[in-house]
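Residue numbers (the working numbering): 214 to 338.
Just so you know, even glycine gets a beta-carbon here, dropped at the ideal spot from N, CA and C.
Every value quoted in this text rests on a predicted model; they were computed, and no experiment measured them.
(1) Could you check if residue 313 is buried or exposed, using at least 16 other CB atoms within 10 Å of its CB as the buried criterion?
(2) Counting along the chain, where does the alpha helix (DSSP H) carrying residue 295 start and finish?
(3) Using a 10 Å radius around the Cβ and a threshold of 16 neighbouring Cβ atoms, would you call residue 264 buried or exposed?
(4) Is residue 315 buried or exposed, if buried means 16 or more other CB atoms sit within 10 Å of its CB?
(5) Measure the beta-carbon distance from residue 232 to residue 287 and round it to whole angstroms, keeping in mind my assumption that it falls under 8 Å.
(6) For residue 289, is the classification buried or exposed, using 16 other Cβ atoms within 10 angstroms of its Cβ as the cut-off for buried?
(7) Just to confirm my understanding: we take residue 277, look at its own chain, exclude 5 residues before and 5 after, and list those with CB closer than 6 Å. What are they?
(8) Using the Cα positions of residue 317 and residue 305, report the straight-line distance between them to the nearest angstrom.
(9) Give the range of the beta strand (DSSP E) segment to which residue 258 is assigned.
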């Protein structure tokens, strides 16, 4: 299977941790200029611009010009393929949570049978 280009594949684009930081930041603050992203993440402007271009190329962010600034917004719908893929594992997580819940209830039940508040639980000598 050929490797997808980072500039055409959402999954490859979000594989880079700094891009995920940018996505996280844009999800919390709509319409950020490059300078604000640079300040928030503490990375050099050329690095931020490079990553924003990759995110823009795959459609994860949109850019608009406001005066001298370029303002970036997150395109949430473009994350749909990631959401859909992760959702396929939800059944596994639900199953794991059910198992944990059942185990915790079983332990709680065992403890409640050992210590009956209506009985004298002290050992008899």
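Short version:
(1) Exposed, by the Cβ-count rule.
(2) Element bounds for residue 295: 293-300.
(3) Around the beta carbon of residue 264, 16 or more other beta carbons lie within 10 angstroms, which makes this residue buried.
(4) That one is exposed.
(5) The beta-carbon separation of residue 232 and residue 287, rounded to 12 Å, does not stay under the 8 Å limit for a contact.
(6) Exposed, since its Cβ has fewer than 16 Cβ neighbours within 10 Å.
(7) Around residue 277, the same chain offers 284 as residues with beta carbons nearer than 6 Å, after the five sequence neighbours per side are excluded.
(8) Rounded to the nearest whole angstrom, the CA to CA distance from residue 317 to residue 305 is 18 Å.
(9) Unbroken run through residue 258 is the alpha helix (DSSP H), 258-270; no beta strand (DSSP E).
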